[in-house]
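First residue of the sequence shown: 1, per UniProt numbering; consecutive thereafter.
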Amino acid sequence: MPLHRIYHTPGQFSKDQKKDLADAITKIYTGLNGAGLPAFYVVVIFIPIVESNFYVGGETTKNFVRISIQHIARNFDSHEQAKGFLDRYENALAPFIKERSFDWEV
């Protein structure tokens, strides 16, 4: 069961944006090029962290999104497979993070 934790400051994502981002992440696993998992296996948790508790480089930030992924049941068989997943993941994130000029780390 893939578990995605998305750490962000309050207000970075609306309710609709969270739903759309969770759907985009789920489709990575369930879509044509996905792992063939049922949608209910994919868990996405949004964790708001107030700016005064979110530091990058020793400074508070409200423009950063940190994403932690755990693939509990399956792993990648090769570097190419892992890279392919990360490419699809970055593409799924782009409208919600990159195109909104947020800094991020997966």
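Backbone N, C-alpha and C define an ideal beta-carbon position, used for all residues, glycine too.
These figures come from a predicted structure and were not determined experimentally.
Using 8 angstroms for Cβ pairs, my map puts residue i next to residue j. What's the rounded Cβ distance?
i      : j     : result
Thr60  : Ser52 : 6 angstroms
Leu3   : Gln70 : 4 angstroms
Leu21  : Phe96 : 5 angstroms
Asp103 : Asn75 : No, Asp103 and Asn75 are not in contact; Cβ-Cβ is about 28 angstroms, not under 8 angstroms.
Run through DSSP, which three-state label would residue i get?
i      : result
Arg100 : helix
Ile25  : helix
Determine the direct distance from the alpha carbon of residue j to that of residue i, and round the result to whole angstroms.
i     : j      : result
Arg66 : Lys98  : 12 angstroms
Tyr55 : Glu105 : 13 angstroms
Thr30 : Phe13  : 23 angstroms
Lys19 : Ala73  : 24 angstroms
Arg88 : Ile28  : 7 angstroms
Using CA atoms only, rank isn't needed, just tell me which of the options is closest to residue i.
i           : options                    : result
residue 109 : Glu90, Ala94, Lys15, Phe40 : This structure cannot settle anything about residue 109, because the visible part of the chain is limited to 1 through 106.
Just reading off the alpha helix (DSSP H) that residue i is part of, what are its end residues?
i     : result
Arg74 : Run containing Arg74: none; DSSP gives neither H nor E here.
Tyr41 : Counting along the chain, Tyr41 falls outside any alpha helix (DSSP H), and DSSP gives it neither H nor E.
Got a sec, what are the start and stop residues for the beta strand (DSSP E) residue i sits in?
i    : result
Pro2 : 2-8
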